Amino acid sequence: MKKNKKEHTITLQEKNDLDQQIRILQKEIDYDTRDFTIELLINKFKRNDFFIPDYQRNFIWNDSHKTLFLESVFLGLPIPFMFFADCDDGKQEIIDGAQRMQTLVEFSENRLKITGLKKITKLNGFYFNDLSDAQQRKFLNKAMRVIVLREDTPSSARQDLFYRINTTGLKASDSEIRRGSYPGKLTSFIEKCAEDSLFKELAPMSIKRENRYERFEFILRFFAYLNSYNEFEHDVKDFLNNYLVQNLNTFNERQFSFEFNRMLRFVKDNFPCGFAKTKTSKSTPRVRFEAISVGVALALRENPNLSINNLDWLETEEFKLYTTSDASNNQGKLKQRIEYVKEQLLKDN
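The numbering used here puts the sequence shown at residues 3 to 351.
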């Protein structure tokens, strides 16, 4: 194929520089492969020899996922490697495999009943103690393959591995990956805000969404759009990742806290349904939260003594159009819904 005239030709020096960079980065990652019996995995986890680090997500498998995994173990099917890392205290950090580990423990402790299996149908209804002694021994003696990173592997490399594992499939949500991949002051601050009792009251959410760090996502979107919505183009994930990284340890915590709390108090005092559509709603749409929270905060920046005469505009077709779910990744709609709320709040003040 003929090269474009403007295309850069890679030089020998650039090739050498690449070779050197790869050699340096490869030195950060050293590992060995170990086979642990299920019995050993369970016992060491219960002794806290294996632990789940803070950057990992919450346990989210439902019973059908758990029993399907256990059926695969009974059938002797290949199980994806788990990833651990040695620590200087002799313990091992679980980088990937926490859900499999906790399922094995739950089953072994007779806290999980097998149901809904399509292949080993006669296993349905069984707890671990219901198995024959021979079948219990065979289960506990099955081996799981584990990749173990060496002790001096940098924490950044471990978190990067967590990020890569969870972006090669549909394992973790963007919020889970983002929270686990970018530890820092802003991440910790957002986690603190996500636990705010008033925020939880105003933005109802299911336990499932909470466990997948949807509240973290809401708060990050609030600060990112409040301060940089004019810079947003079309890729929400990249925009939020970049905002988090760029402000990770340089944001003004005092200012962020002030604006977040002022916005919440204003919504509490003036919006009877909070961020939800009705007083009885059990969920809060992302786009509605974005529109109200950021619109209110922007309006308060212009007029700290803001007051509301009516909220009829919340029921208009225009606002409903701006806050439909299909508008979430649209730059124009994001700007419209945020500024629409801001303008409605400011026009009579």
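Glycine residues also receive a C-beta, built at the ideal position from the N, C-alpha and C atoms.
Note that the coordinates shown come from a computational prediction; the quantities given were computed from them, not determined experimentally.
- Spanning the alpha carbons of Val-269 and Ile-54 requires a straight line of approximately 37 Å.
- Bounds of the alpha helix (DSSP H) holding Met-103 are 100-110.
- Under the DSSP assignment, Met-146 falls in the beta strand (DSSP E) whose first and last residues are 145-151.
- It is roughly 48 Å from the alpha-carbon of Asn-229 to the alpha-carbon of Ser-74.
- Judged by DSSP in its simplified three-state form, Ile-54 adopts coil rather than helix or strand.
- For Glu-320, the closest alpha carbon among the candidates Phe-47, Glu-178, Thr-123 and Glu-341 is that of Glu-341.
- Under the Cβ criterion (8 Å, minimum of three pairs), the segment 193-211 counts as touching the segment 220-235.
- Ala-205 is a Cβ neighbour of Phe-291, given a cutoff of 8 Å.
- Taking a contact as a CB-CB distance under 8 Å, the pair Val-150 and Asp-34 counts as one, their CB atoms being some 6 Å apart.
- The three-state reading of DSSP puts Glu-95 in strand, counting E and B together.
- Ala-145 places its beta carbon 8 Å or farther from that of Phe-71.
- Between Glu-41 and Glu-111, the alpha-carbon positions lie close to 12 Å from each other.
- Arg-113 counts as exposed, since fewer than 16 other C-beta atoms from the protein chains shown sit within 10 angstroms of its C-beta.
- Contact check for Gly-118 and Ser-66: beta-carbon distance about 6 Å, within the 8 Å limit, so the pair qualifies.
- 8 Å or more divides the Cβ of Val-298 from the Cβ of Val-247.
- For the segment 200-264, the continuous alpha helix (DSSP H) assignments of 4+ residues that do not extend past its boundaries occur at 209-213, 216-230 and 238-248, in sequence order.
- Under the 10 Å beta carbon count, Gly-92 is surrounded by fewer than 16 other beta carbons and is classified as exposed.
- In this structure, the CA atom of Thr-13 is about 35 Å from the CA atom of Arg-152.
- For Arg-290, there is no enclosing beta strand (DSSP E); the residue is found in the alpha helix (DSSP H) stretching over 288-304.
- Tyr-129 carries a coil assignment under DSSP once its states are collapsed to helix, strand and coil.
- Arg-267 has its alpha-carbon roughly 19 Å from the corresponding atom of Phe-191.
- If you look at Asp-314, you'll find it isn't in any beta strand (DSSP E); DSSP assigns it neither H nor E.
- Of Arg-288, Lys-194 and Ile-209, the smallest CA-CA separation from Val-238 is found for Arg-288.
- In this structure Asn-251 does not touch Gly-334 by the C-beta definition: roughly 33 Å separates them, more than the 8 Å allowed.
- Counted as a single uninterrupted DSSP element, the stretch harbouring Ala-278 is not any alpha helix (DSSP H), since DSSP gives it neither H nor E.
- In the DSSP annotation of this structure, the continuous segment of the alpha helix (DSSP H) that includes Asp-65 starts and ends at 65-77.
- In the structure shown, Phe-86 adopts extended strand secondary structure according to DSSP, grouped into three states.
- The alpha-carbon of Ile-209 is positioned some 48 Å away from that of Asp-21.
- Counting every other CB atom within 10 Å of its CB across the protein chains shown gives Lys-68 a total of 16 or more, marking it as buried.
- In the DSSP assignment, Thr-35 falls outside any alpha helix (DSSP H) and lies within the beta strand (DSSP E) extending over 33-39.
- Under the DSSP assignment, Thr-189 falls in the alpha helix (DSSP H) whose first and last residues are 187-196.
- For the pair Thr-286 and Ala-278, the CB atoms are nearer than the 8 Å cut-off.
- Between the C-alpha atoms of Phe-273 and Leu-313 there is a straight-line separation of about 8 Å.
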